[in-house]
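Numbering (our numbering), first residue to last: 23 to 431.
Glycine is no exception: its CB is placed at the ideal position from the N, C-alpha and C atoms.
These numbers come from a predicted model, not from an experiment.
The structure under discussion appears below in the form of structure tokens.
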């Protein structure tokens with residue numbers, strides 16, 4: 023329920039001039055880039071799945087993660103105008119329901135996106151560091167075993183790759199050339215990129231891998247839905263307690279007709295008691311920041327070390343380990359650079375509440391600017407897990423060519 027209105031109340035003065043520009047321009051850029059980028063990725067995924075129809079399972083669980091991440095990020099970027107309006111007007115004007123919705127959307131970026139990114143990192147870790155747990159047996163090819171590695175097939179005498187390996191394509195390594203299948207002879211320990219078409223693979227492997235692809239995609243969808251529901255369950259206490267409060271005693275406003283109004287400011291707050299807030303914020307810091315960041319660091323460190331060892335043991339391969347390392351670290355550091363500055367003030371606030379420290383005045387300013395970083399993450403994440411993905415580029419080309427052929431007939 024909204025707080026009772028004060029007689030002859032007047033809202034606080036909005037931002038004008040330079041403060042207005044410093045606030046409106048960054049938020050507007052993030053809104054445009056994030057909304058257009060995430061919408062374009064989702065539209066592309068919808069378009070390519072409609073075009074491929076029954077072959078969509080060959081795209082692997084990468085697309086499931088991309089859809090989930092882009093959907094959450096799009097939800098966050100769409101909420102930017104509400105945060106911008108609240109900051110510029112210095113007043114909450116969207117009511118009680120809008121306040122609860124605001125908290126739900128803001129926390130979803132910090133919980134759901136983090137959980138999905140961690141699950142995606144684990145998927146890549148298992149695919150690269152423990153490929154034997156992902157693929158068991160290869161049908162008639164009993165003398166060979168498959169190792170998923172990036173290989174510059176364009177520099178080899180064959181210019182083909184197996185599209186099946188898209189199922190375990192690490193998204194963080196998405197800027198690299200197509201994910202090739204490296205076939206290694208156990209006796210001679212030779213390696214080469216081989217020419218295998220999708221039809222030939224199906225002919226030699228039957229329907230086993232097709233069922234496996236469907237099972238893996240369904241499993242990924244289930245994991246994504248479970249993580250989304252878990253995130254909703256974790257943020258519900260904050261959403262239910264969120265409310266709009268009025269603050270008076272901010273001064274008087276006198277009009278030209280000499281009418282006096284009391285300045286009243288409405289704010290969307292969490293509405294929790296001090297002890298409950300301390301417990302909830304501490305819980306969120308651990309499960310939405312400390313634990314996921316630790317897991318991300320572990321998974322990607324293992325991936326980099328594994329790829330370096332494979333480069334040393336396979337001297338003939340042309341694996342662009344330097345580029346793989348750079349893009350892996352770039353994506354991880356981008357995520358951490360947007361999350362760490364946001365969560366550090368929260369940790370500082372907890373320490374002040376627990377030990378009774380006096381809050382530094384600069385803490386308020388730091389907290390204000392740190393709230394912008396999750397919007398930065400939501401607005402530019404799509405570049406890392408979509409724009410740089412070579413499979414997205416190739417899929418777009420294939421679908422475009424098919425569409426052109428239909429129109430020219």
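Between which two residues does the alpha helix (DSSP H) carrying residue i extend?
i: residue 118; result: 117-151
i: residue 396; result: 395-404
i: residue 110; result: 102-111
Per DSSP, what kind of secondary structure is residue i in: helix, strand or coil?
i: residue 307; result: helix
i: residue 379; result: coil
i: residue 169; result: With a pLDDT of only 33 at residue 169, under 50, the local geometry of the prediction cannot be trusted, and the value read off the model is given with reservation. It is a strand residue.
i: residue 371; result: helix
i: residue 279; result: coil
i: residue 330; result: helix
i: residue 292; result: coil
i: residue 161; result: Legend: pLDDT at residue 161 = 37, less than 50; position of this residue unreliable, value from coordinates given subsequently. In the structure shown, residue 161 sits in coil (DSSP, three-state: anything other than H, G, I, E or B).
i: residue 264; result: coil
i: residue 114; result: coil
i: residue 221; result: Since pLDDT at residue 221 reaches only 45, below the 50 mark, its modelled position is unreliable, and no value is offered.
Give me whichever residues DSSP pairs with residue i in a beta bridge.
i: residue 287; result: 269
i: residue 32; result: 285
Where does the unbroken beta strand (DSSP E) through residue i begin, and where does it stop?
i: residue 276; result: 274-276
Give me, in chain order, the residues of the same chain whose beta-carbon lies closer than 8 Å to that of residue i; leave out the 5 immediate sequence neighbours on both sides.
i: residue 316; result: none
i: residue 257; result: 125, 126, 129, 130, 133
i: residue 304; result: 372
i: residue 308; result: none
i: residue 136; result: 310, 311, 314, 361
i: residue 45; result: 37, 106, 109, 110
i: residue 264; result: 121, 122, 124, 125, 290, 291, 292, 293
Whose C-beta lies closer than 7 Å to the C-beta of residue i among residues of the same chain, with five residues either side of it excluded?
i: residue 147; result: 321, 324, 325
i: residue 119; result: none
i: residue 229; result: Here residue 229 scores only 48 on pLDDT, less than 50, and its place in the model should not be relied on; the value that follows carries that caveat. Closer than 7 Å at Cβ, skipping near neighbours: no residue.
i: residue 140; result: 314, 317, 318
i: residue 404; result: 59, 60, 63, 92, 95
i: residue 299; result: 292
i: residue 67; result: 85, 88, 89
i: residue 276; result: 282
i: residue 369; result: 307
Residues in its own chain within less than 6 Å of residue i by CB, not counting five upstream and five downstream?
i: residue 286; result: 28, 31, 268, 270
i: residue 158; result: Low per-residue confidence applies at residue 158: pLDDT is 34, beneath 50, and the placement is therefore not dependable, though the value from the model is reported in the following sentence. Excluding residues within five positions, none has a Cβ falling inside 6 Å.
i: residue 35; result: none
i: residue 56; result: 99, 400, 401
i: residue 389; result: 367
At a cut-off of 7 Å, would you count residue i as near the ligand MN, judging by its Cβ distance to the nearest heavy atom?
i: residue 298; result: Here there are no bound small molecules, and the ligand MN is not part of this structure.
- Item | Uninterrupted alpha helix (DSSP H) stretches inside the region 36-99 (no shorter than 4 residues) | Qualifying alpha helix (DSSP H) stretches, in chain order: 39-74.
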